[in-house]
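Taking it in order: structure first as structure tokens, then the write-up.
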Amino acid sequence: MSYVEIGVSDLGRSEEFYGELLGLGAGSDADDTDGHRARWLGGAEHGRVKLVEVGPDGRPSGWDRDDLQRGIRHFGLKVRGVDAWIDRLKAAGVEVAAGPFDAFGGVRIAFFFDPDGAYLEFVEGYVQHNELWSAELAQAEVDTYEGWDGTPRFDHVAVTVPDLDEALGYYRDRLDFGVVGQLVRPEDPRGFLITNLRAGHGTLEVFTYTPQTYARESVGGSDRLGIRAVGVGVGEGVEPGTALGPGDVPLHLRTVAGTTGQGAA
940 MSYVEIGVSD
950 LGRSEEFYGE
960 LLGLGAGSDA
970 DDTDGHRARW
980 LGGAEHGRVK
990 LVEVGPDGRP
1000 SGWDRDDLQR
1010 GIRHFGLKVR
1020 GVDAWIDRLK
1030 AAGVEVAAGP
1040 FDAFGGVRIA
1050 FFFDPDGAYL
1060 EFVEGYVQHN
1070 ELWSAELAQA
1080 EVDTYEGWDG
1090 TPRFDHVAVT
1100 VPDLDEALGY
1110 YRDRLDFGVV
1120 GQLVRPEDPR
1130 GFLITNLRAG
1140 HGTLEVFTYT
1150 PQTYARESVG
1160 GSDRLGIRAV
1170 GVGVGEGVEP
1180 GTALGPGDVP
1190 LHLRTVAGTT
1200 GQGAA
């Protein structure tokens, strides 16, 4: 995982929000095949945010704040001192949806919205899986933050999928993501389960539930606002281009020589 793509109505406003307020730094021009203005934010070595301006008439993402809706749920950024960062956002008039609070898995989190309503998360700490599949991958995540100054960095993208086996068959077996572990809550009546997969700079949080999930009206499209695609580096055996992952998750696949699930760019 190398980037998350977010459609915005006003590029200048969103670049100020992500680049200055969230501290991702100055942007650089990005290519967009549909002719929209676009900017990269964040360092390529840690995962980036691609802002694409679709204008004030951009189509809404179709996202509902409902766990059972399939697709991209939110984009998470790792921080140190989540409470202070949320105070900073509140002082700037940003709408905070929840938190900060201590969450299952040993992390402290908070949720908030970008200027166009994209759902974002701050997370402090490292997830303590109660079903650990790979201690090596868990430690590799911690190691990537050595020398980090605590300002927001690309951490994860969360998605809801209808079937875990299908998701593992695609992300793990086809795209070569590594499975870090799971957060299992056997007492949850909905069968709520988080399975974390690691690739390159980020984590894919795969949410599954026992009740049937439902699709949003539509996904993708060059005029779509909100969190609308995830960039993934793939091996030479996978065809590059656009794809729709399990749970209707738009992906931008780019061939990277020597890619593995533990190092995909």
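Using this note's numbering, the first residue of the sequence shown is number 940, and each one after it goes up by one.
Beta carbons: idealized from backbone N, C-alpha and C, even for Gly.
Bear in mind that the values here come from a model prediction, so they are computed numbers and not experimental data.
Among the options, which residue has its Cα nearest to the Cα of residue i?
| i | options | result |
| --- | --- | --- |
| Leu1016 | Tyr1084, Arg1193, Ala1077 | Tyr1084 |
| Glu984 | Gly1010, Ser941, Asp996 | Ser941 |
| Asp1041 | Arg952, Glu1063, Gly1089 | Glu1063 |
| Ile1048 | Asp1055, Ser1073, Gly1038 | Gly1038 |
| Gly1020 | Ala1077, Pro1125, Gly1089 | Gly1089 |
| Leu990 | Asp1127, Asp1055, Gly1001 | Asp1055 |
| Trp1087 | Pro1150, Gln1067, Val1018, Gln1151 | Val1018 |
| Gly1001 | Phe1051, Leu1192, Leu1164 | Leu1164 |
| Ser1073 | Arg1113, Glu959, Val1188, Val1119 | Val1119 |
| Val1100 | Arg1111, Gly982, Tyr1153, Leu1122 | Tyr1153 |
| Asp905 | Leu1103, Ala1106, Gly994 | With the chain running from 940 to 1204 in the structure shown, residue 905 is simply not present. |
| Leu1007 | Glu959, Arg1129, Phe1051, Gly951 | Arg1129 |
| Asn1069 | Asp968, Glu992, Glu1126, Gln1121 | Gln1121 |
| Leu934 | Gly1032, Gln1151, His1095, Ala1138 | Residue 934 is absent from the structure shown; the chain starts at 940 and stops at 1204. |
| Leu992 | Arg1009, Arg1193, Asp1005, Asp973 | Strictly speaking, residue 992 in this sequence is Glu, with Leu absent from that position. It is Asp973 whose Cα lies nearest to the Cα of Glu992. |
| Gly1141 | Phe1051, Asp968, Asp971, Tyr1065 | Tyr1065 |
| Tyr1148 | Asp968, Asp1127, Gly1108, Val943 | Asp1127 |
| Arg1113 | Asp996, Leu1028, Gly1159, Leu1192 | Leu1192 |
| Gly1045 | Gln1067, Asp1026, Glu1105 | Gln1067 |
| Asp1115 | Gln1078, Ala1138, Val943 | Ala1138 |
| Gly907 | Asp1005, Ile1025, Glu1105, Gly1108 | Nothing about residue 907 can be reported from this structure: the residues present for the chain run from 940 to 1204 only. |
Per DSSP, residue i forms a beta bridge with which residues?
| i | result |
| --- | --- |
| Thr1142 | His1095, Arg1137 |
| Gln1121 | Glu1070, Thr1134 |
| Ala965 | DSSP lists no partner for Ala965. |
| Gln1151 | Looking at the DSSP assignment, Gln1151 forms no beta bridge with any residue, so it has no partner. |
| Gly1170 | Tyr942, His1191 |
| Val988 | Val943, Leu980 |
| Ala1042 | Val1046 |
| Phe1014 | Leu1059, Val1096 |
| Val1035 | Phe1051 |
| Gly1165 | Gly946 |
Identify whether residue i lies in helix, strand or coil by the three-state DSSP scheme.
| i | result |
| --- | --- |
| Arg1019 | coil |
| Ala1049 | strand |
| Leu1028 | helix |
| Tyr957 | helix |
| Val1081 | helix |
| Asp1104 | helix |
| Gly1065 | First, the amino acid is wrong: residue 1065 is Tyr here, not Gly. Reduced to three states, the DSSP call for Tyr1065 is coil. |
| Gly994 | coil |
| Arg952 | helix |
| Glu944 | strand |
| Ala1203 | Per-residue confidence for Ala1203 stands at a pLDDT of 47, beneath the threshold of 50, marking its modelled position as unreliable; no derived number is given. |
| Leu1183 | strand |
| Arg1111 | helix |
| Glu1060 | strand |
Assuming residue i contacts residue j (C-beta within less than 8 angstroms), just tell me the rounded distance between them.
| i | j | result |
| --- | --- | --- |
| Phe1093 | Gly986 | 3 angstroms |
| Gly966 | Trp979 | 6 angstroms |
| Arg998 | Asp1162 | 5 angstroms |
| Phe1043 | Arg1124 | 7 angstroms |
| Gly1117 | Leu1071 | That belief does not hold up - the Cβ atoms of Gly1117 and Leu1071 are roughly 12 angstroms apart, past 8 angstroms. |
| Gly982 | Val988 | About 11 angstroms separates the two Cβ atoms, so there is no contact after all. |
| Leu960 | Ala1031 | 6 angstroms |
Excluding the 5 residues flanking residue i on each side, which residues of the same chain have their C-beta closer than 8 angstroms to its C-beta?
| i | result |
| --- | --- |
| Asp1003 | Arg1155 |
| Asp1053 | Ile945, Val947, Ser953, Phe956, Tyr957, Leu1059 |
| Thr1194 | Gly1172, Val1173, Gly1174, Glu1175, Val1177, Pro1179 |
| Asp1187 | Arg1009, Gly1010, Ala1154, Arg1155, Val1158 |
| Leu1028 | Leu960, Val1035, Phe1051 |
| Arg1111 | Gly1117, Val1118, Leu1136, Gly1200 |
By Cβ distance below 6 angstroms, which residues in the same chain neighbour residue i in space, the five residues on each side in sequence not counted?
| i | result |
| --- | --- |
| Leu1190 | Val1169, Val1171, Ala1182, Gly1184 |
Return the chain-ordered list of same chain residues with a C-beta closer than 7 angstroms to the C-beta of residue i, the five sequence neighbours on each side being excluded.
| i | result |
| --- | --- |
| Ala1097 | Arg1012, His1013, Gly1015, Glu1144, Phe1146 |
| Asp1022 | Pro1039 |
| Pro1131 | The displayed chain sequence assigns Phe, not Pro, to residue 1131. Excluding residues within five positions, the ones whose Cβ falls inside 7 angstroms are Arg1124, Tyr1148. |
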